[in-house]
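J.: Quick mapping for you: the protein sequence lines, in order, are chains A and B.
No gaps in the numbering here: position 279 of the first sequence is 279 in full-length UniProt numbering, and each next residue is one more.
No gaps in the numbering here: position 55 of the second sequence is 55 in full-length UniProt numbering, and each next residue is one more.
Quick one: structure below, then a few questions.
Protein chains: 2
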Amino acid sequence: MISVENALQLVLKATQDFGVEKIPFIKSVGRILKEEIVADRDFPPFNRVAMDGIAIDYYEFSSRLRSNRQLSFKIEGIQAAGSEQITLKNNQNCIEVMTGAVLPNNANTVIRYEDVIIENGVATINIDKINEDQNVHHKGKDGKVGDVLIAENMKISAAEVGVLATVGKSFVKVAKQPKIMIISTGDELVGVDEIPLEHQIRRSNVFTLVSLLERLNISSETAHITDDKPILKSKIKNYLQDYDVLLFSGAVSKGKFDFLPEVFDELGVEKLFHKVAQRPGKPFWFGQTENCKLFAFPGNPISTFVNCLAYFYPWYYKSVNLKVEQETAILAENVTFKPDLVYFLQVKLSCKNGNLIATPIQGNGSGDLASLVHADAFIQLPSHKSEFKSGEVYPIIRFK
Amino acid sequence: MISVENALQLVLKATQDFGVEKIPFIKSVGRILKEEIVADRDFPPFNRVAMDGIAIDYYEFSSRLRSNRQLSFKIEGIQAAGSEQITLKNNQNCIEVMTGAVLPNNANTVIRYEDVIIENGVATINIDKINEDQNVHHKGKDGKVGDVLIAENMKISAAEVGVLATVGKSFVKVAKQPKIMIISTGDELVGVDEIPLEHQIRRSNVFTLVSLLERLNISSETAHITDDKPILKSKIKNYLQDYDVLLFSGAVSKGKFDFLPEVFDELGVEKLFHKVAQRPGKPFWFGQTENCKLFAFPGNPISTFVNCLAYFYPWYYKSVNLKVEQETAILAENVTFKPDLVYFLQVKLSCKNGNLIATPIQGNGSGDLASLVHADAFIQLPSHKSEFKSGEVYPIIRFK
C-alpha cells in the first residue's frame, strides 16, 4: 500500500501528450489551446470612437474657451461605424460620430450627445470641462499587432472565443483528447433499462465516469464484461490496442472473482501500484503498457467517483499541460477519522463573507452514491491525524 | 435610467416556464430536473456484503470467544456478487463472500480476508475485536423504496446521473430550454473568416454569447443584420414569432444608426426599461412581447458580456426554477470609482486559506475584450460609494 502523495506522483509521471488537432473556434470551449493567439492588427485597429456624439479639434475648443468665445460647431458630416474615415475639413466645425466608428481625420476629441445641443446643423457644447482625447479608444491601446493575446495551454472559455473571433481564428489548434474506454465488471450488474432481480443492481459507475469525463470535454465509450477470466483477458487485450486510456470499475480487491490484477499481469501490463492509503477507494490499481494507461478503480460508487477526480483529473490536466489551482476550504464541523488513511470526505460548499465553507455530508460509506447528490466537493483530510477541527483549512476537489 | 436592483427585479418578473421534455439520462448533465427521483427499491436493495472475506454468525463467534474456544470456521460455500442468496446451513461454519454480494441467510457479520487465515477449507479468524453486523451494508440503510433521492429542480451532474442509472431512469424529465436567436448589428462588423478593411472589425459578441449560453446547456442561433431600419424591422418581426428569446448586441445607444429601440417600439414590443445605472453596459434595453423576451445589450464586448451574466443568467435560473447561491469574494486591492454607478469590475479569483480573493484586472474600458482572458469573474461594486478598500467583501459573478 502506498501513500496518496506517492500514488499521485506515479500517476503524474505516466502522463502522455496526445498531440494537437485543429477544430472550429466555436466548438473549442472547454478545450486546451495549443498555439499562441497573437493580434493580427492593433487592438483597436484604428482610433475608435467610444461614445455617440461629436468629434472636434480639442485645440480649437480650448482656445475658444480661453477667449470666452461661443462653443458652437457647425456639423460638417457624419462618421458612421463601418464607414471609411472622413476628414474634418475646417477645425471650426465638427463631425457627428458613432460608437465603433473611426475617429475622423483632424479630430482628436469626442463630446457625447448628452453634453451637446444640436440645432439647425450646429452643435453647441454645454460643458466646459473636456479632456483632450476623451472618448477615443486609441489604436493599439489594448494591444499591438503581434502581441500575445492568449497564451498557449489556456483553457478556452467564452472570453477566449471572443478574442479568437476578433483575430480571425476560425480554426484553432487544441490538445487532442485521449481515446477512452470505460469498463465495468461485476456479475451483479444489469442494464439501466432492466428490472434487477433481488440480488442484482443496475450499472451506474460507468455512467458517472462518462459524465465526469464530459466535464473535461472528453467523450468516451463504455462496455461491461462478466466476471469470467478468459473473456476479460481477450476483451481487454483488444482494448489495450485500440484505446489510450482504460478506466475500470470493480474487480481489483481481494474477492475470488477480482480477476483484473491477474489479467493485467498476464497481458504484460506494467503495474505501477495497487492499493493506496486512503478511504474510500483504497484498492485502486494503476498501470500502463507502452501505449495505454489503465486506471482500475474499486467498484463502490464513491470509490470510483473520488478516484476519478483525485487521480484521472490531475493526470489529464498534466497530459494537456493545463495548470489548475488547488482550491482549499474551511471545515465547518469537527470531524473524527481514526484510521491512518487520507480521508476524502464529501462536503457541501457555501460562500460566506468571501470564505469558502465546507460542511460534511453524512453518508453511509463508499456504497452510498445518493449522498453525493447533496455534496459538491470532496475535502481531503490528511493521514497521521484523527481529529479535524472546525475552522481548519484543507484542500478540496469540486465536482459540481 | 434605473438602478441595477430595479432592472434585475423587472427582468426577474419577466421569467417564463418553457415546459418539460424527456431526454435520455446520459444526455442530461447540466439540465434542470423536472421530476422527483424516488428509490424504486431499498438502497441497498439487500443486505450487501461490503468487504471480501467470510460471513459468520456473530453469536457463535462471541460465544467461542467467551469460552476461549478455537475461532476456526469450516467454509461451506461461496456467495459471489450477482448470485442468488445462499444459506449458512450450520452456524459452526462460514461462507466466503464477495463485495457486492447478498449476505448469506443465517450469517450477520463479515470478517475481511486480511483478518483471516484460510487453510484446507477452514478459515481461522486472527483478531478478536469484531462487531456484530460489521462490513454489512444493510438493506435500506441509504434509503427506503419511495424515498426522494433527488428533489425536483436540481441541476443534474455526474452524481445525479449515477442515481438515475441506479433507479432505472433511462429517460428523465428536464426543463425545456428556450429557443434563442442572437443578433448582432453594426455595419463595421465583418465575418471571422474575412479580412477586415481599416475601419472594420470582425464579429465577436455573438460568439461570446453563444459560448455563455452553452455554459447553461442552451444551444442558440446567430444572425447579423445591417444598420438599415426597414431590414431590421422586417427581420426582427419574424424572429419575434419564431423564438422565445432574442439577444441583441449593439444599436441601443444614442447613435444615429441605433435603430433598435425605435424598431422595437414600432413592432409593439413592450419596453420594460432602457439604461441602467452601471458601468459597463449602461444602455441595456429590455422588453417583451406576449411570447418573446428581448435582451438588447450594448455593443461593446465587455458590456454585452457582463449584461448576459448579470441579467440573462438570473432570468434563466428563475425561469427553470434553479436556486443559485450568490458568491462573494474579498477585494485584494483598493479600487476608486467615482461615477455614481454600479461598477462591474473584472477580477482574477484565487483561493488562499479558504478565502476567495478577487484581484482586479487592469482593462482599457468596455471595448477591451482581451482583458477578460486574464479574469474569471466580475465583482459587483455598489453605487453611492467611490472608495472600495482591500479586504472588503462584494458579490461576484463567475464566468470561468
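In this text, a Cβ means the ideal position worked out from N, Cα and C, and glycines have one as well.
Predicted model only: the values in this text are computed from it and were never measured.
Would Gly82 (chain B) count as contacting chain A if we go by Cβ distances under 9 Å?
T.: Gly82 (chain B) counts as touching chain A.
J.: Can you give me the start and stop residues for the beta strand (DSSP E) that Pro360 (chain A) sits inside?
T.: Asn355 to Pro360
J.: Please check if any C-beta of chain B sits within less than 9 Å of the C-beta of Gly250 (chain A).
T.: Yes, contact with chain B.
J.: For Pro24 (chain A) and Asp258 (chain A), what's the separation of their Cα atoms in angstroms?
T.: 44 Å
J.: Could you check where the alpha helix (DSSP H) with Glu96 (chain B) kicks off and where it finishes?
T.: Counting along the chain, Glu96 (chain B) sits inside no alpha helix (DSSP H); it lies in the beta strand (DSSP E) bounded by residues Cys94 to Val97.
J.: For the candidate residues B:Asn364, B:Gln278, B:Asp244 and B:Glu387, whose alpha-carbon lies nearest to that of Ser319 (chain B)?
T.: B:Asp244
J.: Does the beta-carbon of Glu119 (chain B) have 16 or more other beta-carbons within 10 angstroms, so that it is buried, or is it exposed?
T.: exposed
J.: Which of helix, strand or coil does DSSP assign to Gly53 (chain A)?
T.: strand
J.: CB Val174 (chain B) to CB Lys34 (chain B), shorter than 9 Å?
T.: yes
J.: Quick one: which chain B residues come within Cβ less than 7 Å of Pro301 (chain A)?
T.: Gly162
J.: Can you tell me the Cβ-Cβ gap for Val373 (chain B) and Leu149 (chain A), rounded? I've got them flagged as a contact below 8 Å.
T.: 7 Å
J.: Can you pull the chain B neighbours of Val174 (chain A), defined as C-beta to C-beta under 7 Å?
T.: What Val174 (chain A) touches in chain B: nothing, since even the nearest Cβ is about 14 Å away.
J.: Tell me the DSSP bridge mates of Ile78 (chain A)?
T.: DSSP, once it has assigned bridges, lists A:Glu96 as partnering Ile78 (chain A).
J.: Just to confirm my understanding: we take Glu270 (chain A), look at its own chain, exclude 5 residues before and 5 after, and list those with CB closer than 8 Å. What are they?
T.: Gly287, Gln288 and Thr289, listed in sequence order.
J.: Pull up the distance between the alpha-carbon of Ile78 (chain A) and that of Asn105 (chain A), whole angstroms please.
T.: 12 Å
J.: Might you give, ordered along the chain, the residues of its own chain that have their beta carbon closer than 6 Å to the beta carbon of Leu341 (chain B), omitting 5 neighbours on each side?
T.: Ala277, Gln278, Arg279 and Ser383
J.: Go ahead and label Glu188 (chain B) buried or exposed: buried means 16 or more other beta carbons lie within 10 angstroms of its beta carbon, across all protein chains shown.
T.: buried
J.: For the region 337-358 of chain A, list every residue whose C-beta sits within 7 Å of some C-beta in chain B, in sequence order.
T.: Ser350, Cys351, Asn353, Gly354, Asn355 and Leu356
J.: Spell out a yes or no on whether the region 161-177 of chain B and the region 332-349 of chain B are touching, meaning 3 or more CB-CB pairs, one atom from each, closer than 8 Å.
T.: no
J.: What residues from chain A crowd round His199 (chain B), counting only those whose CB sits closer than 7 Å?
T.: Phe46, Gly82, Ser83, Glu84, Gln85 and Val102
J.: Determine the closest residue to Ala151 (chain A) out of A:Lys141, A:Gly140 and A:Val172, with distance taken between C-alpha atoms.
T.: A:Val172
J.: If I follow the unbroken beta strand (DSSP E) through Ile23 (chain B), where does it start and stop?
T.: Val20 to Pro24
J.: Can you find the residues in the same chain that come closer than 7 Å, C-beta to C-beta, to Asp228 (chain A), ignoring five residues on each side of it along the sequence?
T.: none
J.: Anything in the region 117-142 of chain B with a Cβ closer than 7 Å to a Cβ of chain A? List those residues in chain order, please.
T.: His137, Lys141 and Asp142
J.: Does the beta-carbon of Lys74 (chain A) have 16 or more other beta-carbons within 10 angstroms, so that it is buried, or is it exposed?
T.: exposed
J.: For the beta strand (DSSP E) that contains Leu272 (chain B), what are its first and last residues?
T.: Glu270 to His274
J.: Among the residues of its own chain, which have a CB less than 6 Å from the CB of residue 422 (chain A), if the five just before and after it don't count?
T.: Outside the shown range of chain A, which is 1 to 400, sits residue 422 (chain A), and nothing can be said about it.
J.: For Trp285 (chain B), list the residues DSSP reports as bridge partners.
T.: B:His274 and B:Ala296
J.: Is the distance from the Cβ of Glu96 (chain A) to the Cβ of Gly53 (chain A) below 9 Å?
T.: yes
J.: Give the DSSP-derived three-state secondary structure of Leu103 (chain B) in the structure shown.
T.: In the three-state reduction of the DSSP assignment, Leu103 (chain B) falls in the coil class.
J.: Should Thr99 (chain A) be flagged as near chain B, meaning a C-beta pair shorter than 9 Å?
T.: yes
J.: Which same chain residues, not among the five before or five after Arg48 (chain A), have their C-beta less than 6 Å away from its C-beta?
T.: His137
J.: What separation, rounded to the nearest whole angstrom, lies between the Cα atoms of Ile26 (chain A) and Thr222 (chain B)?
T.: 12 Å
J.: Within 9 Å of any Cβ in chain B, is that where the Cβ of Ala159 (chain A) sits?
T.: Yes, its Cβ sits closer than 9 Å to a Cβ of chain B.
J.: Helix, strand or coil for Leu267 (chain B)? Go by DSSP, reduced to three states.
T.: coil
J.: DSSP three-state call for Ser157 (chain A): helix, strand or coil?
T.: coil
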